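So the sequence lines, in the order shown, correspond to chains A and B.
Here the numbering used here is used: the first residue of the first sequence is 4, the next is one more, and so on.
Here the numbering used here is used: the first residue of the second sequence is 2, the next is one more, and so on.
Okay, structure first, notes after.
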Amino acid sequence: MGKRDLLRGNEVIAEAAIRAGCQCYFAYPITPQAELLEHMARNMPRLGRTFVQAESEIAAVSMVYGAAAAGVRTMTSSSSPGISLKQEGISYLAGSNLPAVIVNVVRGGPGLGDIAPSQCDYFQATKGGGHGDYHMIVLAPSTVPEAGELTMLAFELADRYRTPVMILTDGLLGQMMEPVELPEPIDPASIPAKPWATTGASGRDPNIILSFDLDPEVLRQMNLDLQAKYRRIEEAELRYEETMTEDADLVIAAHGTMARIAETVVRRAREEGLKVGLFRPITVWPFPYEPLRELSSHVSTVLTVEMSAGQMWEDVRLAVAERAATPFYGEMGGIVPTPRDILSEVRKHAG
Amino acid sequence: MQVETADMVKVFSRPQSLTAAKSTYCPGCHHGILTRIIGKTIDELGIAERTVCIAPVGCSVFAYNWYRCDAIQAAHGRASAVATGVKRADPNLIVFAYQGDGDFASIGTAESIHAANRGENITVIFVNNQVYGMTGGEMAPTSLVHQKTTTTPAGRDPAQVGYPIRFSEMIAQLDAPTYITRQALFDTRRILDTEEAIKKAFENQVNEKGYSLVEVLSTCPTNWRMSPIASNKHVADVVTEVFPLGDLVDRR
Ligand SMILES: Cc1ncc(C[n+]2csc(CCOP(=O)(O)OP(=O)(O)O)c2C)c(N)n1
């Protein structure tokens with residue numbers, strides 16, 4: 004086994020990005036993702052790579068747009084209010100088929116909200132967020148080591164599908180320290196060639212990066228192509244995890260930090276003799292509708308637990324339909340439900 | 002009929018760096034002259050194979066069609082930030098942003114000032130036509146006092162909407178920029194001056210001297226509701242009073 008370090012989630016995401024070959028990082032400070040920005044400020048210049056503290060999140064994502072167009076691996080990170088400002092750029096990245104990684108260390112909202120952990124940006128992340136018919140791949144880690152692994156994966160998927168990919172996490176995971184074995188740096192030669200990038204039209208026709216065409220027929224085709232890409236992603240990239248679901252009567256559906264807490268609940272419930280399992284989407288877009296649908300036909304209850312008013316709950320209900328009861332338990336404003344809170348909710352619904 | 006014989010010499014042709022794409026600009030608009038000047042400059046410096054054009058949102062949104070070089074269409078106002086991203090990703094590329102006054106000096110205010118303040122080694126061409134051409138002739142940050150536009154039908158009233166913004170002068174207050182100049186295209190002499198300025202602005206980048214900004218006073222006969230000739234005269238007599246021509250910064 005390799006060396007293990009005690010690191011914060013934010014630092015692990017930053018370090019994983021470096022090891023994934025991120026050449027250019029642009030961001031604007033905001034709590035609770037400051038450690039990520041600071042890790043990049045310390046390390047990117049030392050490695051001969053680009054770190055720019057941008058004048059705003061709008062500028063940061065626009066710089067990412069330029070660097071992605073020029074063909075390098077690039078990332079920006081922020082927290083909720085900053086991610087709202089990045090929506091313009093994310094829509095342009097999606098429309099122009101550009102690969103980039105965006106990290107959202109979510110905090111309580113709406114408005115300025117607070118700086119405590121929350122999952123209240125699920126809709127914004129998974130349903131579009133900016134203007135136009137687009138999606139991005141959204142990965143939701145539930146432990147610090149997984150935050151590193153999924154960051155590596157995010158760069159890979161971004162390049163494979165030429166699409167923005169979001170790491171959706173929260174202040175709890177971002178600031179929590181855990182022992183981590185950091186992922187091995189990639190071989191730069193493994194990054195796919197980008198013949199479409201604006202690297203200078205030498206010995207080829209000019210490359211043009213755009214999301215624009217005034218001819219509705221052409222724009223319709225650009226949209227159809229995007230949708231076809233999303234169907235391919237749904238086919239190939241669904242990721243989820245089931246814990247103790249084989250004999251479960253009640254399944255908790257939770258993602259990210261909440262799923263981590265729910266795991267403790269599952270263990271305690273089992274000690275009490277309750278048949279409880281956990282369904283954890285890792286890709287929250289694409290959402291694992293089919294696996295959850297399948298699972299829901301064997302259980303009586305799917306209890307969604309979130310740090311929001313019930314956003315992923317909508318996807319759970321879409322998947323489950325009428326096959327099982329679909330109660331919800333959530334907290335807002337940066338309050339993190341404790342295992343005890345969730346367990347008493349489980350007892351209410353478990354047979 | 003096109004015949005070239007021994008006694009006919011070709012003295013004028015399209016710069017190699019321009020494509021044959023049909024212009025979308027209105028008759029009498031200066032965007033076309035400026036496009037040609039940029040194409041000619043790219044030819045003269047032999048940089049087409051490493052140049053990236055950042056097209057804005059505005060009448061020049063199609064700039065990605067005009068040049069025989071790589072191009073990126075940017076969100077409204079963000080061209081200078083996008084140019085930053087490209088240049089930082091590959092400093093060997095020659096990156097120029099081409100932006101209207103709404104794009105550069107209104108919605109892109111923050112991106113424009115901060116790219117200049119970082120001294121990004123890029124070239125920015127800022128086309129000041131005192132209106133929003135693309136969207137139907139609304140007031141621009143540069144519209145003159147009393148200028149009638151579709152959103153100031155009674156004329157720009159400074160008590161309500163302030164005065165025309167001299168953005169280049171604002172940027173000239175910063176320590177980082179290398180070259181800031183304001184030029185015009187209303188007569189041959191000014192066209193030649195603009196050629197020289199644009200060439201300097203690109204040369205600075207090639208020589209890694211830092212940020213260059215060329216503001217170019219342009220006409221918009223369509224939205225000014227003036228003939229092209231009257232528009233040229235208007236720039237010469239009126240607009241240059243508010244936006245004086247000449248170099249503001251030259252730290253090469
Ligand atoms: C975010 C956003 N806001 C508004 C618009 C609409 N819009 C398109 S062009 C334009 C004005 C452009 O004016 P200017 O930069 O002066 O360039 P010109 O058209 O005069 O060349 C506006 C407001 C847009 N495309 N995007």
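C-beta atoms are modelled at their ideal positions from N, C-alpha and C, and glycine is treated no differently.
Every value quoted in this text rests on a predicted model; they were computed, and no experiment measured them.
Reduced DSSP category for residue i - H, G, I as helix; E, B as strand; rest coil
i         : result
Asn118(B) : helix
Ser81(A)  : strand
Thr260(A) : helix
Met180(A) : strand
Tyr31(A)  : coil
Asn93(B)  : coil
Val302(A) : coil
Arg12(B)  : Here residue 12(B) is Val; the residue named in the question, Arg, does not match the sequence. Three-state DSSP puts Val12(B) in coil, outside helix and strand.
Ala111(B) : helix
Phe54(A)  : strand
Gln100(B) : strand
Cys54(B)  : strand
Met315(A) : helix
Pro284(A) : strand
Phe158(A) : helix
Arg110(A) : strand
Gly98(A)  : helix
Sequence-distant residues of its chain with Cβ nearer than 6 angstroms to residue i (five each side left out)
i         : result
Ala353(A) : Leu253, Leu277
Asn100(A) : Arg165
Val15(A)  : Val147, Ala150, Gly151, Val183
Ala84(B)  : Ile55, Val96, Ala98, Ile123
Gly111(A) : Asp117, Ala119, Ser121, Gly336, Gly337
Gly137(B) : Thr151
Ala257(A) : Ala265, Val308
Val146(B) : Arg157, Pro159
Of the listed residues the options, nearest to residue i (C-alpha basis)
i         : options                                    : result
Ala82(B)  : Asn208(B), Cys60(B), His115(B)             : His115(B)
Pro120(A) : Asp344(A), Val339(A), Leu346(A)            : Val339(A)
Pro195(A) : Pro342(A), Met315(A), Thr267(A), Gly24(A)  : Gly24(A)
Leu107(A) : Ser311(A), Ala239(A), Asn13(A), Trp316(A)  : Note that residue 107(A) corresponds to Asn in the displayed sequence, not to Leu. With distances taken between Cα atoms, Asn107(A) lies closest to Asn13(A).
Met128(A) : Thr154(A), Gly333(A), Ala324(A), Gln314(A) : Going by the sequence as given, residue 128(A) is Ala instead of Met. Answer by Cα proximity: Gln314(A).
Lys201(B) : Arg190(B), Ile181(B), Phe187(B)            : Ile181(B)
Gln184(B) : Pro245(B), Gly78(B), Asp91(B)              : Pro245(B)
Gly203(A) : Lys149(B), Lys234(B), Cys60(B), Val53(B)   : Val53(B)
Asp238(B) : Asn205(B), Asn66(B), Thr220(B)             : Thr220(B)
Leu176(A) : Arg326(A), Tyr125(A), Arg11(A), Pro291(A)  : Arg11(A)
Glu274(A) : Met247(A), Ala20(A), Ser94(A)              : Met247(A)
Val64(A)  : Ala251(A), Glu238(A), Met169(A), Val109(A) : Met169(A)
Arg51(B)  : Ile21(A), Lys197(A), Ser205(A)             : Ser205(A)
Thr143(B) : Asn66(B), Ala117(B), Ala111(B), Gly103(B)  : Gly103(B)
His134(A) : Gln90(A), Pro102(A), Gly174(A), Met261(A)  : Gln90(A)
Ile92(B)  : Ile34(B), Asn208(B), Met140(B)             : Before going on, a small fix: residue 92(B) reads as Pro here, not Ile. Among Ile34(B), Asn208(B), Met140(B), the Cα nearest to that of Pro92(B) is on Asn208(B).
Thr286(A) : Ile105(A), Arg207(A), Leu153(A)            : Leu153(A)
Asn129(B) : Ala72(B), Asp176(B), Gly59(B)              : Gly59(B)
Arg190(B) : Asn233(B), Asp176(B), Pro154(B), Ser169(B) : Asn233(B)
Tyr243(A) : Glu220(A), Pro219(A), Glu293(A), Ile189(A) : Glu293(A)
Lys197(A) : Thr53(A), Ala17(A), Ala70(A)               : Ala70(A)
Residue-chain proximity (residue i, chain B), Cβ-Cβ < 9 angstroms
i         : result
Ala30(A)  : no
Ala23(A)  : no
Gln224(A) : no
Thr166(A) : no
Gly3(A)   : Examination of residue 3(A) is not possible in this model, given that chain A is present from 4 through 354 alone.
Gly131(A) : no
Leu213(A) : yes
Asn210(A) : yes
Short CB-CB distance (under 9 angstroms) between residue i and chain A
i         : result
Arg119(B) : yes
Ala21(B)  : no
Thr241(B) : no
Lys88(B)  : yes
Cys70(B)  : yes
Val83(B)  : yes
Close Cβ partners of residue i (< 7 angstroms) along its chain, the five nearest in sequence each way excluded
i         : result
Thr201(A) : Ala72, Ala73, Asn210, Ile212
Ser18(B)  : Gly40, Ile43, Asp44, Ala49, Tyr68, Arg69, Cys70
Val55(A)  : Phe29, Met66
Tyr137(A) : Ser94, Ala97, Gly98, Gly131, Leu229
Beta-ladder partner(s) of residue i, from DSSP
i         : result
Asp8(A)   : Val183(A)
Leu214(B) : Val125(B), Ile181(B)
Pro167(A) : Ala103(A)
Ile73(B)  : Ile212(A), Ile55(B)
Tyr133(B) : Glu139(B)
Pro120(A) : Arg110(A)
Chain-order list of residues whose beta-carbon lies under 8 angstroms from that of residue i (same chain, five-residue window excluded)
i         : result
Val162(B) : Met140, Thr153
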